[in-house]
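Worksheet: one structure, shown below.
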Amino acid sequence: MQSLQQIASCVAGYDPNALPVLKASEFIARLVPRVQAVESLAIRSALGRVLARDLVSGIDVPSHDNSAMDGYALRSTDLLGTADTLIKVAGTAYAGTPFGDTVPIGQGVRIMTGAVMPDGLDTVVPQEFTRTEADGRIRIPQGSVKPGDNRRLRGEDLARGEAALKAGRILTPADLGLLASLGQAEVAVYRRLRVAFFSTGDELRSIGEPLEAGCVYDSNRYTIWGMLTRLGVELLDLGVVRDEPAALRAAFIQAAACADAVITSGGVSVGEADHTKQIMAQLGEVLFWKIAMRPGRPMAIGRIGCANSEPTQGVGEPGHQAILFGLPGNPVAVMVTFYAFVRDALLAMSGATPQPLAPLRAVSQAALRKKPGRTEYQRGIVSQAEDGRWQVRITGSQGSGILRSMSQANGMVVLHHDQGDVAAGDLVDVIAFDGLV
Ligand code: AMP
Ligand code: MG
Numbered sequence: 041m042q043s044l045q046q047i048a049s050c051v052a053g054y055d056p057n058a059l060p061v062l063k064a065s066e067f068i069a070r071l072v073p074r075v076q077a078v079e080s081l082a083i084r085s086a087l088g089r090v091l092a093r094d095l096v097s098g099i100d101v102p103s104h105d106n107s108a109m110d111g112y113a114l115r116s117t118d119l120l121g122t123a124d125t126l127i128k129v130a131g132t133a134y135a136g137t138p139f140g141d142t143v144p145i146g147q148g149v150r151i152m153t154g155a156v157m158p159d160g161l162d163t164v165v166p167q168e169f170t171r172t173e174a175d176g177r178i179r180i181p182q183g184s185v186k187p188g189d190n191r192r193l194r195g196e197d198l199a200r201g202e203a204a205l206k207a208g209r210i211l212t213p214a215d216l217g218l219l220a221s222l223g224q225a226e227v228a229v230y231r232r233l234r235v236a237f238f239s240t241g242d243e244l245r246s247i248g249e250p251l252e253a254g255c256v257y258d259s260n261r262y263t264i265w266g267m268l269t270r271l272g273v274e275l276l277d278l279g280v281v282r283d284e285p286a287a288l289r290a291a292f293i294q295a296a297a298c299a300d301a302v303i304t305s306g307g308v309s310v311g312e313a314d315h316t317k318q319i320m321a322q323l324g325e326v327l328f329w330k331i332a333m334r335p336g337r338p339m340a341i342g343r344i345g346c347a348n349s350e351p352t353q354g355v356g357e358p359g360h361q362a363i364l365f366g367l368p369g370n371p372v373a374v375m376v377t378f379y380a381f382v383r384d385a386l387l388a389m390s391g392a393t394p395q396p397l398a399p400l401r402a403v404s405q406a407a408l409r410k411k412p413g414r415t416e417y418q419r420g421i422v423s424q425a426e427d428g429r430w431q432v433r434i435t436g437s438q439g440s441g442i443l444r445s446m447s448q449a450n451g452m453v454v455l456h457h458d459q460g461d462v463a464a465g466d467l468v469d470v471i472a473f474d475g476l477v
């Protein structure tokens with residue numbers, strides 16, 4: 041296992057006191073291990089879980105050429121190019137009940153969607169294109185079908201031996217259907233990641249407690265709970281921990297012992313007088329970063345746990361260490377740093393192939409001030425302009441303590457590291473909240 045210093049030496053331009061967002065992401069990607077344990081689940085229980093092995097199809101799907109329409113199956117060589125074609129109907133092929141006989145030349149079969157194509161027939165003319173003659177023959181108007189039309193080929197969905205899904209994929213409803221189409225009852229997924237979290241700060245009160253002067257209700261634990269729940273990880277909520285060395289130490293040790301990752305909020309600012317940073321540093325290998333971003337400048341990152349033996353990965357194993365994300369305390373900064381760093385890191389730890397958030401390009405409805413040299417995340421409201429293009433305006437106050445700005449917003453405008461002021465009408469990147477796991 042590489043030390044944090046070794047990882048830092050691999051990140052070009054690493055500077056813990058002015059760390060560009062992309063460098064912080066690169067560091068974290070190198071730091072986090074992936075869960076190893078795999079479990080087998082019934083496919084319905086696997087929605088949203090991470091596939092642990094490539095899924096190779098053992099069969100052709102579909103297993104036979106079949107009809108894509110209700111109509112008449114025929115031989116394309118029987119079609120007359122220059123006139124309507126008349127065919128005699130030899131019988132009917134139903135989905136699930138094939139037409140078993142040989143179809144004579146010049147004849148066809150009435151066929152239903154999904155029914156196996158009888159031997160020798162290669163084309164289906166949809167019912168609505170045809171007319172039935174007085175003598176029972178079917179008239180197919182000239183030019184109404186081309187050879188091969190409306191026929192689904194054996195293996196066209198999935199050929200036997202083909203990788204249907206790659207390991208690292210987060211299983212979607214379509215994937216469950218695909219698994220079922222292969223006749224697969226169970227699927228191998230990585231075990232769920234376990235994440236423990238707590239809030240630090242003497243001014244914090246939990247809901248139900250009286251709010252004395254100068255105190256605030258702990259809101260971070262609820263936003264963190266919500267974001268983690270959407271990620272589908274197992275949660276351990278350790279509450280509010282007072283700024284007392286013994287209480288903090290006990291909370292960090294408990295969190296690290298039973299989780300793959302520990303998320304805290306508060307107590308990591310520069311010049312913070314409390315004990316949080318000190319205890320973090322005592323319990324493992326932890327770096328305190330100043331990230332070139334706004335909001336969310338201070339952050340702690342590292343590994344904590346039993347620091348007195350060789351680190352191991354499995355929760356519950358001797359020497360287990362958890363990855364620590366010490367987020368800033370400000371409620372908006374918590375969410376921004378979570379989406380900027382923690383989300384991708386937890387997905388990678390869960391075994392998922394990284395899927396960076398794809399920003400929308402939206403027209404900024406107003407000018408925005410921005411200093412080059414840091415990444416800014418402004419809360420925005422994205423809507424569709426009359427011409428159909430995306431447009432975005434910034435929510436009122438952007439103070440990092442103003443959680444309402446986050447709640448009003450439906451996306452984050454990302455103003456990149458090197459970017460300067462934005463003029464009204466310029467295109468900017470926006471990460472839409474909707475669909476953010
Ligand atoms: P800190 O990073 O600990 O200096 O906290 C920065 C600001 O965020 C302070 O105003 C704290 O009161 C506030 N804060 C810290 N933790 C929380 C929390 N869990 N819920 C709401 N506000 C918080
Ligand atoms: Mg504090």
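Residue numbers (this note's numbering): 41 to 477. Glycine included, every Cβ here is placed at the ideal spot set by N, Cα and C. Small disclaimer: the values here were computed from a predicted structure and weren't measured.
Please classify residue i as buried or exposed, where buried requires at least 16 other C-beta atoms within 10 Å of its C-beta.
i: residue 106; result: buried
i: residue 451; result: buried
i: residue 454; result: buried
i: residue 141; result: exposed
i: residue 370; result: buried
i: residue 208; result: buried
i: residue 418; result: buried
i: residue 236; result: buried
i: residue 248; result: exposed
i: residue 310; result: exposed
i: residue 431; result: buried
i: residue 283; result: buried
i: residue 325; result: buried
i: residue 416; result: buried
i: residue 317; result: buried
i: residue 384; result: buried
Assign residue i to one of three DSSP states: helix, strand, or coil.
i: residue 229; result: strand
i: residue 109; result: coil
i: residue 374; result: helix
i: residue 317; result: helix
i: residue 261; result: helix
i: residue 163; result: strand
i: residue 48; result: helix
i: residue 333; result: strand
i: residue 338; result: strand
i: residue 202; result: coil
i: residue 157; result: coil
i: residue 196; result: coil
i: residue 464; result: coil
i: residue 219; result: helix
i: residue 472; result: strand
i: residue 224; result: coil
What is the rounded straight-line gap between the Cα of residue i and the Cα of residue j?
i: residue 89; j: residue 73; result: 17 Å
i: residue 421; j: residue 53; result: 34 Å
i: residue 307; j: residue 42; result: 27 Å
i: residue 70; j: residue 47; result: 7 Å
i: residue 219; j: residue 228; result: 11 Å
i: residue 28; j: residue 260; result: No information on residue 28 is available, as it lies outside the stretch 41 to 477 that the chain covers here.
i: residue 357; j: residue 51; result: 30 Å
i: residue 135; j: residue 97; result: 23 Å
i: residue 170; j: residue 164; result: 11 Å
i: residue 222; j: residue 187; result: 29 Å
i: residue 143; j: residue 149; result: 8 Å
i: residue 184; j: residue 215; result: 36 Å
Under the criterion of a Cβ to heavy atom distance below 7 Å, does residue i qualify as lining ligand 3?
i: residue 283; result: This structure lacks ligand 3; the ligands present are ligand 1 and ligand 2.
I'd like the ranges of any beta strand (DSSP E) spanning at least 3 consecutive residues and lying wholly in the segment 55-131.
Listed in chain order, the beta strand (DSSP E) elements of length 3 or more contained wholly in the segment 55-131 are 78-82 and 111-114.
What are the uninterrupted segments assigned as beta strand (DSSP E) that are 3 or more residues long and contained completely in the segment 369-446, given in chain order?
Taking only runs of at least 3 residues, the beta strand (DSSP E) segments lying wholly in the segment 369-446 are 400-404, 415-424 and 430-434.
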